[in-house]
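Residue numbers for the sequence shown follow the numbering used here, beginning at 94 and rising by one. Ideal placement from N, C-alpha and C gives every residue a C-beta, glycine not left out.
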Amino acid sequence: MAVVLNNPSVWRYTASCCPERHVHGAACLGAEVRDIKPGSASEAGEVLAGRVIEMMRAAGIPNGLSDLGFGDSDIDALALGAEPQWRVIRNAPKDVTRDDLRSLFSAAMRYW
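Structure below.
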């Protein structure tokens, strides 16, 4: 659940590194991608994030971290706790700082 709850915010963040892979991923998940402008990072990130959100809703996954009881006051602790997860962070297609982690957790609080 932790991976899924953070997915949409992460896809929006990483889309600029390889928009075509994000569009491909969205298509593999059943999203309609024919109107996505080639190379558009914002559209690529949004179509993948949007499809994951649709799937989250259909599966009854909580609406972001806030549905698990987390709030804005937890963002610093979440970011600090995520920093040691180098296996994941170092494999990201772009550098991830503590401020980026804060932004990602903030964006993952609520999706709909």
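Alpha-carbon to alpha-carbon, E136 and R105: For the purposes of this step, residue 105 is taken as the residue at position 12 of the sequence shown. For the purposes of this step, residue 136 is taken as the residue at position 43 of the sequence shown. Cα-Cα distance, rounded: 9 Å.
Contacting residues, own chain, Cβ-Cβ under 7 Å from V103 (five flanking each side not counted): Your numbering for residue 103 matches position 10 in the sequence shown. Taken in chain order, the residues that qualify are L197.
R203 burial status per 10 Å Cβ neighbour count (16 or more: buried): By one-based count along the sequence shown, residue 203 stands at place 110. Exposed, because fewer than 16 other Cβ atoms sit within 10 Å of the Cβ of R203.
D167 versus P155 - alpha carbon distance: If you number the sequence shown from 1, residue 167 lands on position 74. If you number the sequence shown from 1, residue 155 lands on position 62. Going from the Cα of D167 to the Cα of P155 covers about 17 Å.
Backbone CA spacing between R127 and V140 [nearest angstrom]: By 1-based counting over the sequence shown, the position of residue 127 is 34. By 1-based counting over the sequence shown, the position of residue 140 is 47. Looking at the two C-alpha atoms, the distance is approximately 11 Å.
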